[in-house]
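All letters in the first sequence, in the order written, are residues 743 to 1145 by my numbering.
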Amino acid sequence: MLQNTIVLNKKYLDDEQLDRKEQFEVLKEIFDVNVRSKEISELSSHFAPMFKDGHPVHLSLLGKTGTGKTVTILYFLNMLKALCAKNKIQVKYIHLDLSIPKPCFRALNDLACLLNATKRYKRGISLDELMSRIEDKLKPFTGYFILFVDEIDHVRRDPDSFLKFLIRRLPQSVRLKLVVIFTSNKLNWQENIDPRIKSFLKLNEILFDPYNALDLEKILSIRIGKALDKKMIERGVVKKISAISSRTHGDARKAVELLSKSAHIAERRGTGITLDLVDKALQEIEQDKYVAMIKSAPGQLQAVLYSVLSFSGTKPVNTSDSYDVYCSFCAQAKTRALTQRAFSDMISELDIYGFIKTRIVSQGRYGRKKEITTSLPKEVSDRLKEIILLEFDLEILNNPELK
DNA sequence: TGTCCACAGGAAATACGGGGGT
DNA sequence: ACCCCCGTATTTCCTGTGGACA
């Protein structure tokens, strides 16, 4: 009845804390209840030729974040590996994780590192050199080589040469049978690649739909079984979380996060998880997102946000007015102020992140301006302002603009 | 219809900073 | 330690724009 009885094993609420083996255990349970079974069977038939000495073409997995692309394929590859071992088929797979955007050089370097072909370089070695080292490392190998490139569209700066290497150069210089699995959340990621490479790229596509409420319910139930005390959860909570999540994003990770947050709030309050708490958790997650984002943002962006937010009230502000405020903020914070041009870029960035909304309005004779409105609830914006002041080590700040 | 406001936003130039080579 | 190179951040310069106003 006392607090701390809700969460029994909190690491099962956060994948980061699970080691590989535990992750696979969870996955196995999930797949055992027929979640993603359609995709798994598509995968199976795609790789089936391997058992008849055939050569599957490359594969592209498409779907939004949190639809389980990575997880599913890792699970599948693991099974495949076991199956191959049983059938004496040589196979090796590598998971190249590009979830953090990186240039072609880094991507290749990462790949080389995964193969133990080189050490990690910042630069100072040519792309060509990297490629040859990778090739050399793979030359002795003759079986199937499955390269899982996660988030292919994150290769910035010259993605073509990266693909060219994988699709054209590598297969020609080694004897192994290469199967590349691409992952992307952009359905059209292939559209802007060099047509010459594209014509070489024969691929099969598998689409991952967002999870529906039923799937999410299954996934959540498994987590609950592992992590929480069921008795402390009000009836309908799982259904509610699943419904909200499937409606808004269909992202399993976020659904688990919502569950986790609800549990934490409940624990803090010493109550069970109720339906109301779920709403509360939802709100808090939203708020945390903004806070985390602004904390990790560069100082200039924080300053810009502060100056915009300091126009309390809902009336729109234009760029030059907020720029003035920004300048005085910088003066007090002893920071150098950016140009108006750069300031305007910051504003657009804040718009993209959703801190503010902007709209270009023409006032005819009186010029064109960008109207800025904040879309954040007051409490969030107050919280953000507080944090920014803290970051700048400014305790009190009188708002000179509000005279 | 033409003018002209007050800024938006593109392009090129320049400053900066960190890492590798020597 | 010193210099060079490269990627990124910021500045400088500039062209473009919708519509009220005359």
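Cβ atoms here follow ideal geometry from the backbone N, Cα and C, with glycine treated the same way.
Exclusion of the five residues before and after aspartate 957 leaves Val777 as the residues of its chain whose Cβ lies within less than 7 Å of its Cβ. The shortest C-alpha to C-alpha distance from glutamine 1025 to any of Arg1011, Ile815, Ile1007 and Glu767 is the one to Ile1007. In the three-state DSSP reduction, glutamate 947 falls in the strand class (E or B).
The closest CA to that of aspartate 1018, considering only Val980, Asp870, Phe1097 and Ile1036, is found on Val980.
In the DSSP assignment, glycine 1041 falls within the alpha helix (DSSP H) that extends over 1041–1051.
The shortest CA-to-CA distance from aspartate 895 to any of Lys1120, Lys1076 and Leu838 is the one to Leu838. Under the three-state reduction of DSSP output, asparagine 930 falls in the coil class, being neither helix nor strand. With a 10 Å radius around the Cβ and a threshold of 16 neighbouring Cβ atoms, histidine 797 comes out exposed. Where glutamate 1113 is concerned, the enclosing beta strand (DSSP E) starts and stops at 1110–1116. In the DSSP assignment, no residue is bridged to arginine 977. For lysine 823, the enclosing alpha helix (DSSP H) covers residues 811–828. Each of Glu1128, Leu920 and Arg910 was checked against the Cα of leucine 801, and the nearest Cα belongs to Leu920. When the beta-carbon positions are compared, threonine 1116 and leucine 1047 stay at least 7 Å from each other. With a cutoff of 7 Å on beta-carbon distance, isoleucine 964 and isoleucine 772 are scored as near each other. If you ignore the 5 residues before and after glutamate 947, its C-beta comes within less than 7 Å of the C-beta of Ser802 and Leu804, all in its own chain and listed in chain order. Inclusion of glutamate 976 and threonine 1016 in the CB contact set at 7 Å is warranted, their separation being smaller than that value. Proximity to lysine 928 across Ser874, Asp951, Ser1004 and Leu857 peaks at Asp951, based on C-alpha coordinates. In this structure, valine 813 keeps its C-beta atom at 7 Å or more from the C-beta atom of tyrosine 886.
In this structure, the straight-line span from the alpha carbon of serine 984 to that of lysine 1022 is close to 16 Å.
Remark: C-beta atoms of proline 1040 and glutamate 1113 do not approach each other more closely than 7 Å. Beta-bridge partners of valine 897 (DSSP): Lys844. Around serine 1123, the same chain offers Leu1051 and Thr1116 as residues with beta carbons nearer than 7 Å, after the five sequence neighbours per side are excluded. Under the rule that a run must span 4 or more residues, the alpha helix (DSSP H) segments found entirely inside the segment 1061–1129 read 1061–1074 and 1082–1095. A residue is called buried when at least 16 other Cβ atoms come within 10 angstroms of its Cβ; serine 926 meets this threshold and is buried. Leucine 785 and proline 913 have their C-alpha atoms roughly 22 Å apart. Within the same chain, Phe793 come within 7 Å of asparagine 829 by CB-CB distance, once the 5 residues on both sides are set aside. Of Pro901, Val916, Arg917 and Leu949, the smallest CA-CA separation from aspartate 936 is found for Pro901.
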